[in-house]
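Numbering (the UniProt record's numbering), first residue to last: 1 to 413.
Below you can see the structure in the form of structure tokens.
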């Protein structure tokens, strides 16, 4: 069975945690002791409070909101799933970015009473920015609008008008009631006008076009293995995870950023030697030549070289209360490497609601914009649109060690 990673997003009280709880509950993926504990102490109108299956923090339960990203796992006979439940509050937008960075699909909830609102714009734009290929719009709480098909179609039209310039490969709409389970796992008898699949049906049948094997071969070195023992006195291996593509024994490679060339002598795994390694395998690569390689260097094949530059342009979601202004210096962490960097320019800030590019002297907390950065030494990268693994980075404040920005590289400048 393959694995589908997806994130749920939406405004506060749109029912994200309840929806995930319903998926877990109706797919029989809840442990009995966990279910009994919730049944005894927490009920809403005589029903089990399914949101508590994901909202585990004390503050979340007290306030009835989601604060941190909660990850849940469940499976059906067709597929395995990892769910990221993202907070709805605007001040936790940065949490949504981290949860969405590895997702194949986004479920964006809309309250049928409120329709498309600012957080819908924000989460949709972030999903597009992070190149999540598939989006399902769940119009929730249909029971509170008398399961009106007219209201569903109205919201669908509003969303399509807004999202016409967003980059989604697939966009689906489905009317649901997470609290009652309508069209979540089982078809709704209250919406006989709906001829589409249930939410779980969409999730099980979705075809994932993304294939990391087709990407350019990229192997960021995480650790240099040099045992220094009598038995292995000549051993020098480079350990890490294949970020994308395929590496084969005997293949000619280039090590970046220094540009040294060699050939793969062997590929080792925990089970022994293999002839090839592909994403996301963790392996140790041995080379024919002794080359000065350290953590953060990237091994690539000579026929498919990435970009190499000290000057990059990137979209960034700002995550710090202290605003980003040109001239600020940060530690840029990309794949397994870290390099000092300085922000040269803020090209523009994005108005989330209108998608307009606005001139701005700074980026405040949770704002998104495009910036130009200069690094202390060249870094190897691919545009984020081509390779999410090598095209992403985070900015770290060296004074506080806080992660202050998440970036998606668009190119060099």
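In this text, a Cβ means the ideal position worked out from N, Cα and C, and glycines have one as well.
May I ask you to list the residues that DSSP assigns as paired with residue 374?
311 and 342
Just list the residues that DSSP pairs residue 248 with in beta bridges.
DSSP lists 276 as the beta-bridge partner residues of residue 248.
Bounding residues of the beta strand (DSSP E) (the contiguous stretch that carries residue 414)
The chain is shown from 1 up to 413; residue 414 falls before or after that span and cannot be answered.
Could you say which of 377, 360, 359 and 165 lies nearest to residue 341 if we only look at CA atoms?
377
To the nearest angstrom, how far is it from the Cα of residue 359 to the Cα of residue 315?
14 Å
Assuming residue 240 contacts residue 227 (C-beta within less than 8 Å), just tell me the rounded distance between them.
Not quite, the Cβ-Cβ distance comes to about 17 Å (not below 8 Å), so this is no contact.
Residue 85, enclosing beta strand (DSSP E) - first and last residue:
80-85
CB contact flag (residue 286, residue 265, <7 Å)
yes
Rounded separation between residue 22 and residue 276 - CA only
One C-alpha to the other measures close to 42 Å.
With respect to the alpha helix (DSSP H) encompassing residue 109, which residues constitute its N-terminal and C-terminal limits?
It is not in any alpha helix (DSSP H) - residue 109 instead sits in the beta strand (DSSP E) that spans 105-111.
Closest by CA to residue 295, which one among 237, 205 and 272?
237
Quick one: Cα of residue 186 to Cα of residue 19, how far?
13 Å
State whether the segment 4-13 contacts the segment 188-208, with contact taken as three or more CB pairs (one from each stretch) at a distance under 8 Å.
yes
Output yes or no for whether 7 Å exceeds the beta carbon distance between residue 302 and residue 252.
At the C-beta level, residue 302 and residue 252 come within 7 Å of one another.
Between residue 353 and the ligand MG, is there a pair consisting of the residue's CB and a ligand heavy atom that are separated by less than 6 Å?
Inclusion of the ligand MG in the displayed structure is not the case, the ligand content being empty and no account of it being possible.
Tell me, to the nearest whole angstrom, how far the beta carbon of residue 283 is from that of residue 267; I am working on the premise that it is less than 8 Å.
5 Å
Hey, quick one: how far does the alpha helix (DSSP H) through residue 151 stretch, first residue to last?
149-162
Note down the Cα distance separating residue 148 from residue 381, rounded to an integer number of angstroms.
49 Å
DSSP state of residue 294, grouped into three classes?
coil
According to DSSP, is residue 336 part of a helix, a strand, or is it coil?
coil
Below 8 Å on the Cβ atoms is my guess for residue 176 versus residue 139; work out the distance and round it to an integer in Å.
7 Å
Nonlocal neighbours in the same chain, by C-beta distance under 7 Å from residue 343, ignoring five residues either side:
324, 326, 327, 328, 371 and 373
Rounded to whole angstroms, how far is the Cβ of residue 80 from the Cβ of residue 385, which I believe are closer than 8 Å?
Contact flag wrong, Cβ pair sits at about 27 Å.
Applying the 10 Å Cβ sphere with the 16-neighbour rule, what's the burial state of residue 157?
Using a 10 angstroms sphere on the CB of residue 157, the tally of other CB atoms stays under 16, which defines it as exposed.
Throw me the rounded Cβ distance for the residue 224 and residue 293 pair, which I believe falls under 8 Å.
Right, the Cβ-Cβ distance comes to about 6 Å (below 8 Å), so this counts as a contact.
Below 7 Å between beta carbons: does that hold for residue 311 and residue 244?
no
Across which residues does DSSP place residue 384 in a beta bridge pair?
Bridge partners of residue 384: none, in fact.
According to DSSP, which residues form a beta bridge with residue 127?
In the DSSP output, where bridge partners are listed per residue, residue 127 has none listed.
From residue 160 to residue 121, what distance separates their C-alpha atoms?
11 Å
Reduced DSSP secondary structure (H/G/I, E/B, other) of residue 366:
coil
Rounded to the nearest angstrom, what separates residue 375 and residue 332 at their Cα positions?
8 Å
Taking all protein chains shown into account, decide if residue 304 is buried (16 or more other Cβ within 10 angstroms of its Cβ) or exposed.
exposed
Taking the C-alpha atoms as reference points, what is the distance between residue 271 and residue 390?
In a straight line, the C-alpha of residue 271 is about 27 Å away from that of residue 390.
Let me know the secondary structure DSSP gives residue 408 once reduced to three states.
Residue 408: strand per DSSP, three-state reduction.
At which residues does the alpha helix (DSSP H) containing residue 204 begin and terminate?
Annotation: the continuous alpha helix (DSSP H) that includes residue 204 extends over 199-205.
What residue range does the beta strand (DSSP E) around residue 76 cover?
Here residue 76 belongs to no beta strand (DSSP E), and DSSP marks it neither H nor E.
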